[in-house]
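Down below is the structure, laid out as structure tokens.
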Amino acid sequence: MIPDPNFAWTGTVGEVVLGATRPDGGTRSRSYRIGGGTTLPFMEKEQKSPSPLIAFEICDDSRYWSPIVNDFCGDLIHDPGAWAKTAETTYGADLVRLCLTSTRQRDFSDIDSLGKITEKVLKSTTLPLIIEGSNEPKIDSEVFQKCGEVGQGERLLLGTAEAGRYRSIAAAALAYNHAIIAQSPIDINLAKQLNILLKEIGVSRDHIVIDPYTGALGYGFEYSFSAMERIRFSALKGDVDLAMPMICAPSDSLTIKEVREADAATRDAIAVEWEFTTSIAAAIAGAEIVCVRHPNTVKRLKAAFASLKGGV
Amino acid sequence: MPLKALDIYKLLPKKNCKECGDPTCLTFAMKLAAGKADLDLCPYLDDKAKSVLGATTRPPIKLVKLGVGERSFSVGEEFVLYRHDKTFYHPPGIMFTVSDTQSDEEIAAVTARVKDETLTRVGAELKFNGTAIVNTTGTVEAYARAVAAVEKTAGLPEVLISDNPQALAAALVLCGSYRPLISAATPENYKQMCALAKQHGCRLVVREPTLEGLAKLTKDCAAEGVSNVVLDLASKSLGDYLSRSTAIRQLAITREVPDLGYPVYLDATAFEDQDAAIALGIVKYASVIVTSPLSQPSAKAALTLRQNIYTDPQKPIQMNPGLYRVGTPGKDAPVLMTVNFSLTYFTLQGYLESTRIPCFMLIVDTEGLSVLTSVAAGKLNESLVRDAIKKFGVENEVSHRKLIIPGYAAPLSGRIEEATSWKVLVGPRDAAEIGDFLVQEWKP
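As given, the protein sequences belong to chains A and B, one line each in that order.
All residue numbers for the first sequence refer to numbering that gives the first Met the number 0, where the first residue is 0 and numbers rise by one.
All residue numbers for the second sequence refer to numbering that gives the first Met the number 0, where the first residue is 0 and numbers rise by one.
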């Protein structure tokens with residue numbers, strides 16, 4: 000008789016709820032409870048936790064987006080509402096991640112427009128939403144306040160808190176009961192430190208999703224992969240300050256040389272391949288949410304995740 | 000329970016013949032005890048010693064070598080579940096399938112790809128490893144012809160895949176001495192397959208859908224004298240493969256089940272999304288991966304992922320410090336200084352190439368640390384930069400005295416100016432912005 004391998008895990012990955020349905024005070028068609036893992040990813044005897052969720056990323060200013068995606072998605076890129084709806088109904092995403100790229104403009108100050116866009120996207124899709132706020136610390140406070148308020152009751156996932164920059168986002172999350180993404184630069188100790196900082200100002204563990212930062216495949220992914228494995232390992236060994244679900248956002252994938260310089264005939268295929276390969280490996284390392292930008296990546300990932308869940 | 004070196008020594012021939020590569024039997028015994036040597040290296044062991052030492056002295060996962068010559072490769076001999084615990088040592092061989100339903104020309108096209116196709120990244124040349132020849136027709140003649148067609152391109156490791164022992168026997172007449180891998184031994188046919196493997200000295204895939212079955216089969220094959228085996232888990236789903244390959248790795252490295260201490264074989268063609276199976280195999284313990292020939296995007300992603308996962312996580316890949324050229328820079332071309340962490344180098348180089356502005360990259364020795372970490376650790380400092388400018392003769396290459404430094408090295412700008420008497424321009428933090436920076440800021 001062959002024994003089951005003995006990993007002697009003592010911990011459990013904490014759970015985080017994303018999205019709120021009507022009975023819970025929101026308007027989403029579904030909500031997700033992510034995390035809850037008690038052993039290595041995809042090795043649960045009883046498959047309680049859902050497949051990794053696939054978040055499709057959209058933006059409100061396509062000048063800051065990959066030209067490959069812009070060409071592929073066509074006119075949708077000028078209408079975040081319609082784009083979000085298409086992500087739900089056509090691409091088959093589990094989540095929509097709205098990146099407020101308009102804030103990257105020099106001296107951006109039109110905070111009201113962000114509220115309107117968030118509202119529009121919330122009306123256009125019934126999926127739970129991730130909102131990726133400003134790139135400029137000076138306006139963080141107003142941006143997160145506005146988005147948090149507009150999304151009150153919807154249990155958004157707000158991004159992204161970093162070590163020197165987490166108070167505004169935490170304030171909005173606490174005020175309106177949203178979850179937040181806590182990002183650290185590919186370093187398990189810094190990830191833990193940030194989680195402790197967040198805890199100290201009152202953000203509870205079940206409102207934090209760890210982003211260990213994902214370097215693109217070939218450009219640092221080897222570090223991200225092991226950072227994710229180490230975080231998952233620590234969680235299972237009982238370190239509660241690292242026992243949160245993880246998100247993988249390989250947002251550099253479409254700007255690396257291999258993808259940027261691909262010829263017109265193969266560039267969609269290589270963009271998808273890069274996102275797909277990164278996402279598969281990240282999910283095996285422990286990511287509960289993977290973010291992608293190319294519509295064709297979504298369905299392939301769904302099928303592959305189903306096969307990964309397909310049995311012990 | 001592992002044996003101590005002295006216990007092992009007592010069982011060795013004590014001839015000090017050096018044929019194992021060690022100076023004395025005692026040093027060989029110490030290596031065996033540490034799991035660093037293979038018992039087979041000693042030609043004079045008697046059967047009793049072999050059976051006692053057996054699986055307890057060899058590395059927890061046996062090293063299996065495929066092919067001969069320059070393109071041969073070894074797999075197995077891994078020690079950890081997680082690469083961050085140490086590192087993974089032997090990257091999986093990726094083998095492209097050909098079938099005996101294909102023409103000689105079609106087969107030659109695949110073998111030529113395996114032989115010549117190279118992806119150069121981060122200073123390394125990445126290649127596929129061999130061919131897997133499938134006996135689709137089930138007939139002996141067609142298979143022998145296909146194997147002969149593959150053999151026209153010499154020197155590539157091979158997997159021979161057939162349910163027909165006669166077809167394998169005919170193929171082995173052609174390529175048996177080149178250490179191919181034959182697939183697959185099952186509880187029904189293992190005696191026959193072991194006889195073939197023994198006769199030709201080739202490696203053997205053993206296939207069973209349960210761990211119990213696999214462990215029993217490797218034991219049975221060892222009893223037949225064949226221990227160069229790899230394990231085919233015959234998985235039905237990706238999750239099925241993942242959980243069982245992980246279990247095998249864990250049970251092997253802890254020596255709980257030594258009969259599972261062999262490399263793992265993965266037939267990616269059996270899965271709906273072959274690329275997903277390849278990615279899974281690379282990150283989770285496959286040692287030989289069989290796939291149909293990959294499209295260019297899939298090929299690049301697979302080779303890149305394999306390189307990523309099999310780099311030593313404790314040792315960043317480094318560039319040799321020096322002055323590198325992008326295009327053919329003249330006397331007034333910009334000089335950009337950065338660290339010798341290869342990822343930094345290749346990322347910056349990629350963006351510089353796309354600016355089409357010829358320039359020099361001055362790579363200084365931070366022992367492979369990134370800009371941010373080397374500044375924090377004090378490794379990147381003004382004397383390092385000053386010495387590099389002198390050592391690599393930068394002053395003879397350009398007529399100006401202006402140095403562009405990475406954005407994250409901005410705190411050093413004053414000190415570098417003082418130490419070198421060069422004017423320092425602080426570049427962007429993100430290499431992606433270097434093009435705009437050069438266009439707007441650079442004047443010789």
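Just so you know, even glycine gets a beta-carbon here, dropped at the ideal spot from N, CA and C.
Tell me residue i's beta-bridge partners as DSSP assigns them.
i	result
Ile207 (chain A)	A:Ile179
Glu14 (chain A)	A:Gly34
Ser98 (chain B)	B:Val133
Met245 (chain A)	A:Ile209 and A:Ala286
Ser73 (chain B)	B:Lys64
Gly158 (chain A)	A:Glu131
Lys401 (chain B)	B:Lys422
Below 7 Å on C-beta distance, what does residue i contact in chain B?
i	result
Thr265 (chain A)	Gln295 and Pro296
Gly309 (chain A)	Ser236, Leu237, Gly238 and Asp239
Arg62 (chain A)	Here the premise fails: no neighbours, minimum Cβ distance about 14 Å.
Arg299 (chain A)	Asp272
Hey, quick one: how far does the alpha helix (DSSP H) through residue i stretch, first residue to last?
i	result
Lys299 (chain B)	Gln295 to Ile308
Met192 (chain B)	Tyr189 to His199
Ser176 (chain B)	Unbroken run through Ser176 (chain B): none, as it is neither H nor E.
Lys17 (chain B)	Run containing Lys17 (chain B): none; DSSP gives neither H nor E here.
Arg112 (chain B)	Asp103 to Asp115
Ala454 (chain B)	What is shown of chain B runs 0 to 443, which leaves residue 454 (chain B) out entirely.
Ser373 (chain B)	Val370 to Ala375
Name the chain B residues that come within less than 8 Å of residue i, Cβ to Cβ?
i	result
Gly219 (chain A)	Leu342
Arg229 (chain A)	Tyr81 and His83
Leu39 (chain A)	Thr245
Ser306 (chain A)	Ser236, Leu237, Gly238, Phe270, Glu271, Asp272 and Ala275
For residue i, which of helix, strand or coil comes out of DSSP?
i	result
Pro2 (chain A)	coil
Ala147 (chain B)	helix
Arg299 (chain A)	helix
Lys30 (chain B)	helix
Val311 (chain A)	Its pLDDT being 39, under 50, Val311 (chain A) is placed unreliably by the model, and the measurement read from it follows with that caveat. Coil.
Lys422 (chain B)	strand
Met318 (chain B)	coil
Val271 (chain A)	helix
Arg248 (chain B)	helix
Cys98 (chain A)	strand
Glu124 (chain B)	strand
Val393 (chain B)	helix
Arg57 (chain B)	coil
Ile288 (chain B)	strand
Val229 (chain B)	strand
Ala153 (chain B)	coil
Starting from the beta carbon of residue i, find every residue of chain A whose beta carbon is closer than 7 Å, and list them in chain order.
i	result
Thr346 (chain B)	Tyr218
Ala300 (chain B)	Leu216, Glu272, Trp273 and Thr276
Pro90 (chain B)	Result: empty, since nearest Cβ-Cβ is about 13 Å, beyond 7 Å.
Thr310 (chain B)	Glu221
Gly349 (chain B)	Lys256
Thr303 (chain B)	Leu216 and Gly217
Who are the neighbours of residue i on chain A, taking C-beta pairs under 9 Å?
i	result
Ala214 (chain B)	Ile1
Lys378 (chain B)	Near Lys378 (chain B) there are no residues of chain A at all, since even the closest Cβ is about 17 Å away, more than 9 Å.
Val256 (chain B)	Ile1 and Pro2
At a CB-CB cut-off below 8 Å, which residues of chain A make contact with residue i?
i	result
Arg120 (chain B)	Gly217
Val370 (chain B)	The premise fails here: Val370 (chain B) is roughly 12 Å from chain A at the closest Cβ pair, so nothing lies under 8 Å.
Considering just the uninterrupted stretch of the beta strand (DSSP E) at residue i, what are its terminal residues?
i	result
Thr337 (chain B)	Val334 to Val338
Gln87 (chain B)	Before going further, note that residue 87 (chain B) is Phe rather than Gln in the sequence given. Segment: none, Phe87 (chain B) is in no beta strand (DSSP E) and carries neither H nor E.
Ile356 (chain B)	Note, Ile356 (chain B): premise wrong, no beta strand (DSSP E); not H, not E.
Asp266 (chain B)	Val263 to Asp266
Glu131 (chain A)	Leu128 to Glu131
Cys58 (chain A)	Leu52 to Cys58
Arg202 (chain B)	Arg202 to Arg206
Under 9 Å between beta-carbons, which chain B residues line up against residue i? List them in chain order, please.
i	result
Arg103 (chain A)	Per Cβ cutoff of 9 Å: no residues; Arg103 (chain A) is ~12 Å from chain B at best.
Ala302 (chain A)	Glu271, Asp272 and Ala275
Ala268 (chain A)	Ser294, Gln295, Pro296 and Ser297
Problem set entry | Cβ-based contacts, 9 Å cut-off: residues of the region 63-87 of chain B near chain A | Leu80, Tyr81, Arg82 and His83
Exercise. Any residues in the region 222-245 of chain B with a beta carbon nearer than 8 Å to a beta carbon of chain A? Which ones, in chain order?
Worked result: Lys235, Ser236, Leu237, Gly238, Asp239, Leu241, Ser242 and Thr245
Exercise. Between the region 281-294 of chain B and chain A, which residues of the former have CB atoms less than 9 Å from a CB of the latter, in chain order?
Worked result: Ile281, Val282, Lys283 and Ser294
For this session: Give, in chain order, every residue of the region 224-254 of chain A whose Cβ lies closer than 8 Å to some Cβ of chain B.
Result: Phe224, Ser225, Glu228, Arg229, Phe232 and Thr254
Exercise. For the region 277-295 of chain A, which residues have a CB atom closer than 7 Å to at least one CB atom of chain B, in sequence order?
Worked result: Ile279, Ala280 and Ile283
For this session: Could you run through the region 146-172 of chain A and flag, in chain order, every residue whose CB is less than 7 Å away from some CB of chain B?
Result: none
Exercise. Using a Cβ cut-off of 9 Å, which residues of the region 419-432 of chain B contact any Cβ in chain A, in chain order?
Worked result: Ala431
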